[in-house]
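Here the structure comes first, spelled out in structure tokens, and everything after it is commentary.
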Amino acid sequence: MSLAGNPLRDGNDRRLPRIAGPCGLVIFGVTGDLARKKLLPAVYDLANRGLLPAGFSLIGYGRRDWTAEQFTAEVLDSVRDRVRTPWRDSVWEQLASGIRFVQGDFVTDSAFDDLAAMTRRLDEERGTRGNWAYYLSVPPQFFSDVCNQLERAGLADSETGWRRVVIEKPFGRDQASAEELNRTVNAVFPESSVFRIDHYLGKETVQNIMVLRFANQIFEPLFNSRYIDHVQITMAEDIGLGGRAGYYDGIGAARDVMQNHLLQLLALVAMEEPVTFAPDELKAEKLKVLKATSATGPFTQTTARGQYTAGWQGSEFVPGLREEGGFDPDSGTETYAAATFGINSRRWAGVPFYLRTGKRLGRRVTEIALVFKSAPHQPFGAGQTEAQGDNALVIRVQPDEGVLLRFGSKVPGSAMDVRDVNMDFSYSEAFTEQSPEAYERLILDALLDEASLFPTNEEVEEAWRILDPVLDYWAASGQPEEYAAGTWGPAGADRMLNRNARTWRRP
Ligand code: BG6
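Our numbering applies: residue 584 is where the sequence shown begins, and numbers increase by one.
Listed below in structure tokens is the structure:
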């Protein structure tokens, strides 16, 4: 495959702006939170950056009894305060001229026939040329109905133009259900037309992991068991779950973000260098490292899970999970998950990867820390290096995006004392360009048929294969531990690392 058209190569090349060709987007679940907060603003921003074709068309599909005008007003309401690029009436008017609404549920034939008629009309009126992407921002139990209806109504038929489906997680709740879901979707759309969204892959800092490793000479030689003691991947959130009980209760932190975002980060940090960044090459490497990865036991000692109780989050006293509306008062859903993973490869044998995530923690931060082994020999007196910790390379995914190198330095003065200092690269200081929102990047890539940043069915299934034993163990071991909101998680998480004389970083 040639490098031309490879998003990881020319994505930010201003000489080659990546503009989508004639096409339209249908959003199922358009009244949901994700569509309002992320998808619709991303569409406006793409239009504003000149990356959508002039005749771009957007069809909302939902149960509401809306006219196109009412839906357009709803879209305006959603995007007006959320867009990241400056507001321009001319862009909005151009976009609004292609907005339509089709009323229907996910099973009624006539509604999908209306949708088909609408796409044909837009093909003629606006030149979308039969090129349509269907964004399924709906719970996975409806994927099968929607896909089958798209097929029945001829909407999956790619004879007159391209047809792609974009799907949102959760992709199943274990390996078996993920396989079933993939079978359902792949029965209608070939894998090359399926774009599974893991929005972490759309983040600039996540793509920068590959640049850091493979565009530089300094770091990559150190990425192995000879130098690295262990790796910590942290995704901490300060928000709670108010309003998301319907989705989250019974799902929990591990299924929500560890199976996808965190294991994808692990794959990018640990994989071998791909031959090129063409989708197939990149996927081959990610899949290979995932296949070599498994959860390390015994799980009583190597995992931890928790549920937040009421507590002080900064200056605000917030309720515990079970007091939040919508949750079962006996809910055993974990809001904190930590587990240990090992990679069976020459590069990583013996290096534990500790993954943790939680809601209502001390602050919002996602980072990957590669913690180094101590120098094999210290010519300094023990007292002189007392204040020195471990060297670490920290990739800060968000916020304060950047990379930090932590190492020992001489404390000024007549003694030879060593203390840790930071060498810090910050995106906001180094670049004037603002990073596009992850969804902007991913929607554009799907319209351009550029699949590098989308996990394949095999990656998704492999990630479940890795996590399932931990989930089974937790399912059989009672309630999660409690931790107070605003803290850094349950005591079991600290025990998990202390046992091996390690500690979690306080990011
Ligand atoms: C989503 C999870 O995938 O990621 C949410 O379902 C989580 O529970 C969100 O809050 C976090 O995304 P971000 O981009 O704010 O880190």
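Beta carbons are placed, not taken as given, at the ideal position from N, Cα and C, and that holds for glycine.
Where residue i falls: helix, strand or coil (DSSP)
| i | result |
| --- | --- |
| I834 | coil |
| W715 | strand |
| R943 | coil |
| N1005 | strand |
| W670 | coil |
| E708 | helix |
| T918 | coil |
| Q884 | helix |
| S1011 | helix |
| G889 | strand |
| V690 | coil |
| R703 | helix |
| F654 | helix |
| S535 | No answer is possible for residue 535: the residues shown for the chain start at 584 and end at 1090. |
| W895 | strand |
| T1086 | coil |
| F772 | coil |
| G681 | coil |
| S585 | Residue placement at S585 is flagged as unreliable, the pLDDT there being 40, under the threshold of 50; the coordinate-derived value follows with that caveat. S585: coil per DSSP, three-state reduction. |
| G903 | coil |
| G785 | helix |
| G1075 | helix |
| T923 | strand |
| F695 | helix |
| R665 | coil |
| R779 | strand |
| D913 | coil |
Residue i beta carbon near the ligand BG6 (any heavy atom closer than 7 Å)
| i | result |
| --- | --- |
| D839 | yes |
| H960 | no |
| Q981 | yes |
| E820 | yes |
| T949 | yes |
| H782 | yes |
Whole-number beta carbon distance between residue j and residue i, since they are thought to touch under 8 Å
| i | j | result |
| --- | --- | --- |
| R888 | W1057 | 6 Å |
| V814 | V852 | 7 Å |
| T817 | P1019 | At roughly 24 Å, the Cβ-Cβ gap does not stay under 8 Å, so T817 and P1019 are not in contact. |
| L1027 | R601 | 7 Å |
| A952 | R939 | Incorrect: roughly 11 Å between the Cβ atoms, too far for contact. |
| W649 | Q677 | That belief does not hold up - the Cβ atoms of W649 and Q677 are roughly 21 Å apart, past 8 Å. |
| A1068 | G823 | 7 Å |
| A1074 | W1087 | No, A1074 and W1087 are not in contact; Cβ-Cβ is about 12 Å, not under 8 Å. |
| D1003 | Q971 | 6 Å |
| Y1022 | A625 | 4 Å |
| E751 | L846 | The pair is not a contact, with the Cβ atoms about 17 Å apart (cut-off 8 Å). |
Neighbourhood of residue i by C-beta distance below 7 Å, restricted to the same chain and skipping five residues each side
| i | result |
| --- | --- |
| A1029 | A716, R747, V749 and F778 |
| P753 | P723, I834 and R838 |
| R1048 | Q758 |
| E950 | T817, V977, I978, R979, V980 and P1090 |
| A587 | Interpretation of A587 is limited by its pLDDT of 44, a score under 50 that renders its predicted location unreliable; the figure taken from the coordinates is listed afterwards. Closer than 7 Å at the Cβ level, and outside the excluded window around A587, lies no residue. |
| K620 | R665 |
| L629 | L635, E1023, I1026 and L1027 |
Close-in-space but distant-in-sequence residues of the same chain around residue i (CB under 8 Å, 5 per side omitted)
| i | result |
| --- | --- |
| K874 | E1045 |
| A699 | A736, G737 and L738 |
| P912 | R905 |
| A679 | T655, V658 and L659 |
| F772 | C730, A739, R746, R747 and V748 |
Chain-order list of residues whose beta-carbon lies under 6 Å from that of residue i (same chain, five-residue window excluded)
| i | result |
| --- | --- |
| F639 | G681 |
| T886 | A922 and V1053 |
| G826 | none |
| P857 | E864, L865 and E868 |
| E803 | R796 |
| V872 | A850, A853 and M854 |
| E787 | S1018 |
Ignoring anything shorter than 3 residues, give me the beta strand (DSSP E) runs that lie fully in the stretch 590-640, in order along the chain.
DSSP runs (the beta strand (DSSP E)) wholly in the stretch 590-640: 607-611.
Worksheet entry | Contained beta strand (DSSP E) runs [length at least 3] in the stretch 794-872, N- to C-terminal order | Counting only runs of 3 or more, we get 811-819.
Fill in: Segments of 3+ residues assigned as beta strand (DSSP E) that fall wholly inside the stretch 1046-1073
Listed in chain order, they are 1064-1067.
**Minimum length 3: unbroken beta strand (DSSP E) runs contained in the stretch 930-1000** = Entirely contained in the stretch 930-1000, the beta strand (DSSP E) runs reaching 3 residues are, in chain order, 936-941, 948-955, 975-981 and 985-993.
Complete alpha helix (DSSP H) runs within the stretch 714-761 (minimum length 4 residues, chain order): Runs found: 726-735.
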